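The block underneath contains the structure these notes are about, expressed in structure tokens.
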Ligand code: HEM
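Residue numbers (the numbering used here): 1 to 393.
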């Protein structure tokens, strides 16, 4: 059939090259966020998200190993942005905690959590929307739905009429895109609650507010909407509708070490780019919404009494907490989205990771300067935690 050997080999080689280099080419379209300096191309290039790929067909959400979020260094603490570029593939995750955390969060945002009195009015502290943020919430909703359908097609499927999306883990339907509902305040708030049922991450939407440019820090990005249910030591409502510097004002050294670079970064991040940073802290209980119990106060050093090793239950009380945060910008509205994924585990579980993790954590706690030890309240838990981690099992 193929009389020319050359033609025959070309027919064999071409499909191979297309498969091999086609995927490399698609990957090369993924934005490289190292040294973000590109001020000109603030437009959306759809091809930049093309490297998002479905998980393998045998992916099982409840039997994979979750990320180990241990972002501590055996070294002196340095207040830096600490951001790294992230592949779009690693943005929103389904791990074995998915269903439990969604249930936990739902109880919080609907004021039905048994650990908190109704009078606390948790919805008012955790679910946020302003009129000017409505288009960004709709855009974010569509981005999330597309993301989950593309990455986890085994769990997210559209109904036959295309109107609904079925999540086979929660066994619920949600609107398949935001155009299915009107753009008023209450239906947009409804979309926020549907996002709670769809992703484990909290999400904060930030926008510039030209009407407030004359205020202090008024040219910065403002926290304009989102869901902040797993707050770590503050009432999110106190930070709502405020600029970034106000949000960060309790952090010692923020003004001198972070403010300028952070604002520059928010201005320059491009749609399709993803960066990540992580933090860690300790708390003496297992609650996810914490507005008071695990942060120090700047001038209250004498009020904080160090805990005693023998008084602490490291399986049930003392918990290690880490947030995996991801930032990106939405193409149409230009809103910056900040997703926060919280890992919370008994300290005993961290200790079981072995000597390398234990030593690194001890080194990081010892490396806190005094004002950070006060801010993170390690003056209280630090000595006992170090003793516990250094003690042979
Ligand atoms: C590049 C982006 C960001 C950087 C580098 C950053 C940096 C920090 C740092 C260093 C802290 C101290 C604790 C820790 O290590 O995490 C902190 C705390 C915090 N951040 Fe951010 N942040 C960023 C974005 C945001 C955004 C977008 C929000 C939106 C609301 C936010 C809200 C907070 C809050 C509420 C705290 C706790 C403040 C307190 O202790 O009361 N951060 N951030």
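C-beta atoms are modelled at their ideal positions from N, C-alpha and C, and glycine is treated no differently.
If you're wondering where the values come from, they're calculated on a predicted model, not measured in any experiment.
Nearest residue (CA-CA) to residue i, options the options
i, options, result
"residue 338", "221, 66, 191, 159", "221"
"residue 378", "268, 280, 218, 61", "280"
"residue 53", "60, 336, 152", "152"
"residue 59", "83, 87, 82, 93", "93"
"residue 323", "259, 168, 71, 304", "71"
"residue 236", "123, 79, 64", "123"
"residue 55", "88, 84, 79", "88"
"residue 154", "121, 95, 169", "169"
"residue 362", "282, 375, 329", "282"
"residue 340", "260, 289, 346", "289"
"residue 134", "164, 266, 182", "182"
"residue 370", "273, 261, 251, 353", "251"
"residue 104", "273, 376, 262, 200", "200"
"residue 320", "171, 121, 164, 358", "358"
"residue 265", "327, 308, 218", "327"
"residue 287", "263, 316, 267, 261", "316"
Cβ-Cβ separation, residue j to residue i (assumed contact under 8 Å), whole Å
i, j, result
"residue 195", "residue 227", "7 Å"
"residue 333", "residue 230", "Not really, about 25 Å apart at Cβ, beyond 8 Å."
"residue 109", "residue 97", "At roughly 17 Å, the Cβ-Cβ gap does not stay under 8 Å, so residue 109 and residue 97 are not in contact."
"residue 77", "residue 367", "5 Å"
"residue 137", "residue 187", "About 10 Å; that fails the 8 Å criterion."
"residue 330", "residue 139", "5 Å"
Where residue i falls, given that 16 or more other Cβ within 10 Å makes a residue buried
i, result
"residue 373", "buried"
"residue 159", "exposed"
"residue 285", "exposed"
"residue 90", "exposed"
"residue 57", "exposed"
"residue 270", "buried"
"residue 63", "exposed"
"residue 389", "buried"
"residue 397", "Shown here, the chain extends from 1 to 393; a query on residue 397 therefore has no answer."
"residue 356", "exposed"
"residue 243", "buried"
"residue 119", "exposed"
"residue 17", "The predicted model places residue 17 with a pLDDT of 41, which falls under 50 and marks its position as unreliable, so this point remains unresolved."
Assigned secondary structure, residue i (DSSP; H/G/I helix, E/B strand, else coil)
i, result
"residue 309", "helix"
"residue 208", "strand"
"residue 148", "helix"
"residue 113", "coil"
"residue 290", "strand"
"residue 232", "strand"
"residue 343", "strand"
"residue 282", "strand"
"residue 90", "helix"
"residue 174", "strand"
"residue 216", "coil"
"residue 241", "coil"
"residue 162", "coil"
"residue 327", "strand"
"residue 80", "coil"
"residue 224", "strand"
"residue 355", "helix"
"residue 72", "coil"
"residue 202", "strand"
"residue 321", "strand"
"residue 129", "strand"
"residue 348", "helix"
"residue 377", "coil"
"residue 97", "coil"
"residue 246", "helix"
"residue 24", "Here residue 24 scores only 33 on pLDDT, less than 50, and its place in the model should not be relied on; the value that follows carries that caveat. Residue state, collapsed to three classes: helix."
"residue 274", "coil"
"residue 157", "strand"
C-alpha gap between residue i and residue j, whole angstroms
i, j, result
"residue 253", "residue 131", "33 Å"
"residue 198", "residue 111", "19 Å"
"residue 213", "residue 206", "15 Å"
"residue 184", "residue 192", "13 Å"
"residue 275", "residue 66", "19 Å"
"residue 344", "residue 210", "38 Å"
"residue 255", "residue 245", "8 Å"
"residue 203", "residue 223", "11 Å"
"residue 147", "residue 51", "11 Å"
"residue 239", "residue 364", "28 Å"
"residue 383", "residue 81", "27 Å"
"residue 83", "residue 277", "5 Å"
"residue 129", "residue 391", "48 Å"
"residue 216", "residue 258", "17 Å"
"residue 460", "residue 162", "Outside the displayed span of the chain (1 to 393) sits residue 460, for which this structure offers no information."
"residue 304", "residue 310", "18 Å"
"residue 73", "residue 325", "18 Å"
"residue 349", "residue 385", "13 Å"
"residue 68", "residue 248", "26 Å"
"residue 219", "residue 208", "7 Å"
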